[in-house]
Amino acid sequence: MLEETKTVWERLKDRARAEKWIIGLSAIVAAALVLAGIHTVAVLLFWIVWMAALFSRSTDTTPPAVPVSQAVAEETDLSMLAAAFHALDTPILVVAPDETVVLQNHAAEKAFGTIPANTDLSARVRSPGILDMVRETIATGKVNQIEHSERFPSESVYIVRVAPAEIGSPNERLYVLSYRDISQARRIDRMRSDFVANASHELRTPLASLRGFIETLQGPARNDAKAHEKFLGIMHEQATRMSRLVDDLLSLSRLELKSHIAPDEAVDLAPLLGHVRDALSPLAEDVGVEISLVVPDDPVVVQGDRDELTEVFENLIENACKYGQEGKMVEVTLSGGGDAPAEVSVRDYGPGIPAEHVPRLTERFYRVNVEASRSKKGTGLGLAIVKHILTRHRARLLVQSEIGKGTVFTVRF
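Letter by letter, the sequence shown follows residues 1 to 413 of UniProt numbering.
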């Protein structure tokens, strides 16, 4: 009893300290009433009743209800869970039994945007497969997972897993929805299969040629010096072609692997085009073509990867020199800058490309004229590489051609 009285007295003192401004103000009001002529005893009685009401409001010794302590414990557990989930790089959503989102970690915010607390899961997750999986887990308490693909803003593949978790009270369950990104692994698998298919298709012809020449040199032409010189030259040419083909395939595979990542380097196109023209000048002289370059006085800067853009314009200008050499001239023009979009056009005055071939020019190994392409040491992958680089740079390749008048390839950023 003594301890209980002491506790009440301590609480009264604490309340007095907390309400000292109200107590002081009420005392001043009481004094003012006395000075104003109000009977002292009446003022004193009124002040005592006021104080009793003030203190009685705070001396309830009833202990907090158990549900309140449970709520505090659950809130603490959820806060600790949030801190742990925020440290992970895997997108995670915590879902309540009523299918509302209780918690979202930073990785999920970055991947899917911010989801306000208590938002219904179906308002943000549109996949029927994921929603049905979550509902099944809520109903049965069993762990489930499915594979989920998204096309926008870029192609992504996830293993989506949902598992129950007890937070706070054993009778209260939440459900952890996690997204494991396997997009990179799938791209690597696709790149590997594409590489094998393309390489086996394109390498078959030069390998058969090499085998035939080797058998000839080992047999009928064993002692023929002229045949040796001729066949070894052809074999060297075929081996060089295979080397270029493998290099192009590897380059294409690397580009596909990072096609969803936009480059962020600032590149001035004018000096880059000047460098490409100078590098290709010996080739142009060999085929009897002059490369003309027209650039504006002001810099034309784009966001890009310098090496990849160099490869784009080397491919386009080299093709123009090889396949448009009949026109004796290749014109490279840079325009744009400031608020205007940057454009680079490469024009040749060669035979032109038939209209039915234009839409397929950027396909792998597609050739308008197979013999002409191989005679000019083409691999059939140059424009496919150009297309993939420009896709990564969020740029477009436009092709205009007229039979007998030449072709214009335009890169628009």
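Glycine included, C-beta positions come from ideal geometry on N, C-alpha and C.
Problem - Cβ-based burial, residue 278 [other Cβ within 10 Å; buried from 16] - result: The residue you call residue 278 lines up with position 278 of the sequence shown. It counts as exposed.
Problem - Cβ-Cβ distance between residue 296 and residue 335 below 9 Å - result: One-based indexing of the sequence shown puts residue 296 at position 296. One-based indexing of the sequence shown puts residue 335 at position 335. Yes, Cβ-Cβ distance for residue 296 and residue 335 is below 9 Å.
Exercise for the section: Indicate whether residue 99 and residue 130 have their beta-carbon atoms separated by less than 9 Å. Expected result: The residue labelled residue 99 in the question sits at position 99 within the sequence shown. The residue labelled residue 130 in the question sits at position 130 within the sequence shown. Result no, Cβ atoms of residue 99 and residue 130 do not sit closer than 9 Å.
Problem - The alpha helix (DSSP H) enclosing residue 271, as first and last residue numbers - result: Here the question's residue 271 lines up with position 271 in the sequence shown. Residue 271 -> alpha helix (DSSP H) spans 269-286.
Handout entry: Best match in 165, 242, 276 and 303 for proximity to residue 268 [C-alpha to C-alpha]
Key = Taking the first residue of the sequence shown as 1, we reach residue 268 at position 268. Among 165, 242, 276 and 303, the Cα nearest to that of residue 268 is on 303.
Problem - Segment contact flag, the region 245-261 with the region 280-299, C-beta cutoff 8 Å, min 3 pairs - result: no
Problem - Rounded straight-line distance, which links the Cα of residue 136 to that of residue 102 - result: Reading the sequence shown from its first residue, position 102 is the one you call residue 102. Reading the sequence shown from its first residue, position 136 is the one you call residue 136. Each residue's Cα considered, the two are about 18 Å apart.
Handout entry: Candidates 151, 133 and 150: closest to residue 144 by CA position
Key = The residue labelled residue 144 in the question sits at position 144 within the sequence shown. Ranking the options by Cα distance to residue 144, first place goes to 133.
Handout entry: Three-state secondary structure assigned by DSSP to residue 207
Key = Position 207 of the sequence shown holds residue 207. In the structure shown, residue 207 sits in a helix (DSSP, three-state: H, G or I).
Problem - Outcome for residue 249 when other beta-carbon atoms lying within 10 angstroms are tallied against a minimum of 16 - result: Within the sequence shown, residue 249 is the residue found at index 249, counting from 1. Looking at its Cβ environment, which holds 16 or more other Cβ atoms inside 10 Å, residue 249 is buried.
Exercise for the section: Determine the contact status of residue 177 and residue 96, defining contact as a CB-CB distance below 9 Å. Expected result: As a first step, residue 177 is located in the sequence shown; it is residue number 177 there, counting from the start. As a first step, residue 96 is located in the sequence shown; it is residue number 96 there, counting from the start. Against a cut-off of 9 Å, the Cβ pair of residue 96 and residue 177 comes out as no contact.
Problem - Euclidean distance between Cα positions of residue 311 and residue 386 - result: On the sequence shown, residue 311 is found 311 positions in, with the first residue counted as 1. On the sequence shown, residue 386 is found 386 positions in, with the first residue counted as 1. Whole-angstrom Cα-Cα distance: 8 Å.
Practice task
Would you list the one or two residues that DSSP bridges to residue 347?
Solution key: Locating residue 347 in the sequence shown gives position 347, where the first residue counts as 1. Answer by DSSP bridge pairing, in chain order: 331 and 408.
Handout entry: Cβ-based burial, residue 407 [other Cβ within 10 Å; buried from 16]
Key = The sequence position of residue 407 within the sequence shown is 407, counting from 1. The residue in question, residue 407, is buried, as its Cβ has 16 or more Cβ neighbours within 10 Å.
Problem - Residues bridged to residue 183 [DSSP beta-bridge criterion] - result: Numbered from its first residue, the sequence shown carries residue 183 at position 183. Paired residue(s): none; residue 183 is not in a bridge.
Problem - Cβ pair residue 414, residue 217 closer than 9 Å - result: The structure shown does not extend to residue 414, since the chain spans only 1 to 413, so no value can be given for it.
Exercise for the section: For residue 420, count neighbouring Cβ atoms within 10 angstroms of its own Cβ and tell me buried if that reaches 16, exposed if not. Expected result: Given a span of 1 to 413 for the chain in the structure shown, any question on residue 420 remains unanswerable.
Problem - Under the three-state DSSP convention, the category residue 148 falls into - result: Counting from 1 along the sequence shown, the entry for residue 148 is found at position 148. Residue 148 falls in the strand class under three-state DSSP.
Handout entry: Cα-Cα separation between residue 381 and residue 94, rounded to whole angstroms
Key = By one-based count along the sequence shown, residue 381 stands at place 381. By one-based count along the sequence shown, residue 94 stands at place 94. Their backbone Cα atoms lie some 47 Å apart in a straight line.
Handout entry: CA nearest to the CA of residue 343, picked from 361, 245 and 396
Key = Taking the first residue of the sequence shown as position 1, residue 343 is located at position 343. Comparing Cα-Cα distances from residue 343 to each of 361, 245 and 396, the minimum goes to 396.
Practice task
Assuming residue 401 and residue 358 form a contact by the criterion Cβ under 8 Å, report the distance between their Cβ atoms to the nearest whole angstrom.
Solution key: For the purposes of this step, residue 401 is taken as residue 401 along the sequence shown, with counting starting at 1. For the purposes of this step, residue 358 is taken as residue 358 along the sequence shown, with counting starting at 1. Rounded, the Cβ-Cβ distance is 6 Å, consistent with contact.
Exercise for the section: Name, in chain order, the residues that DSSP records as bridge partners for residue 337. Expected result: The residue you call residue 337 lines up with position 337 of the sequence shown. For residue 337, which the question treats as bridged, DSSP gives the partners 340.
Practice task
Determine the burial state of residue 354: buried for a count of at least 16 other Cβ atoms within 10 Å of its Cβ, exposed for fewer.
Solution key: For the purposes of this step, residue 354 is taken as residue 354 along the sequence shown, with counting starting at 1. Exposed, by the Cβ-count rule.
Problem - Inter-residue Cα distance where the pair is residue 85 and residue 186 - result: Start at 1 with the first residue of the sequence shown, and residue 85 comes out as number 85. Start at 1 with the first residue of the sequence shown, and residue 186 comes out as number 186. If you take the alpha carbons of residue 85 and residue 186, they lie about 26 Å apart.
Problem - Under the three-state DSSP convention, the category residue 164 falls into - result: Within the sequence shown, the letter at position 164 stands for residue 164. Residue 164 falls in the strand class under three-state DSSP.
Practice task
Please confirm whether residue 362 and residue 340 have their CB atoms less than 9 Å apart.
Solution key: Numbered from 1 along the sequence shown, position 362 holds the residue referred to as residue 362. Numbered from 1 along the sequence shown, position 340 holds the residue referred to as residue 340. No, they are not a contact pair.
Practice task
Please state if the CB of residue 309 and the CB of residue 393 are separated by a distance shorter than 9 Å.
Solution key: The count along the sequence shown starts at 1 and reaches residue 393 at position 393. The count along the sequence shown starts at 1 and reaches residue 309 at position 309. It is a contact, given that the beta carbons lie within the stated cut-off.
Practice task
May I ask you to report which of helix, strand or coil DSSP gives residue 175?
Solution key: As a working note, residue 175 is residue 175 in the sequence shown. If DSSP states are grouped into helix, strand and coil, residue 175 belongs with the strands.
Exercise for the section: Tell me whether residue 104 is buried or exposed, calling it buried when 16 or more other Cβ atoms sit within 10 Å of its Cβ. Expected result: Your numbering for residue 104 matches position 104 in the sequence shown. Result: buried.
Handout entry: Residue range of the unbroken alpha helix (DSSP H) whose run includes residue 246
Key = Residue mapping note: residue 246 aligns to position 246 of the sequence shown, counting from 1. From DSSP, the alpha helix (DSSP H) with residue 246 extends over 225-257.
Exercise for the section: Write down the C-beta distance between residue 190 and residue 159 rounded to the nearest angstrom, noting that I regard them as a contact closer than 8 Å. Expected result: In the sequence shown, counting from the first residue as 1, residue 190 sits at position 190. In the sequence shown, counting from the first residue as 1, residue 159 sits at position 159. Actually they do not touch by this definition, with Cβ atoms about 17 Å apart.
Practice task
Return the residue from the list 113, 156 and 163 that minimises the CA-CA distance to residue 182.
Solution key: Here the question's residue 182 lines up with position 182 in the sequence shown. When only C-alpha atoms are compared, the closest one is 156.
Handout entry: Through-space distance from residue 245 to residue 364, alpha-carbon basis
Key = Counting from one through the sequence shown, the residue named residue 364 turns up at place 364. Counting from one through the sequence shown, the residue named residue 245 turns up at place 245. Between residue 364 and residue 245, the C-alpha separation is close to 12 Å.
Exercise for the section: Go ahead and pull the three-state DSSP assignment for residue 79. Expected result: The residue labelled residue 79 in the question sits at position 79 within the sequence shown. Helix at residue 79.
Practice task
Could you say which of 322, 233, 121 and 81 lies nearest to residue 441 if we only look at CA atoms?
Solution key: Outside the displayed range of the chain (1 to 413) lies residue 441, so it cannot be described from this structure.
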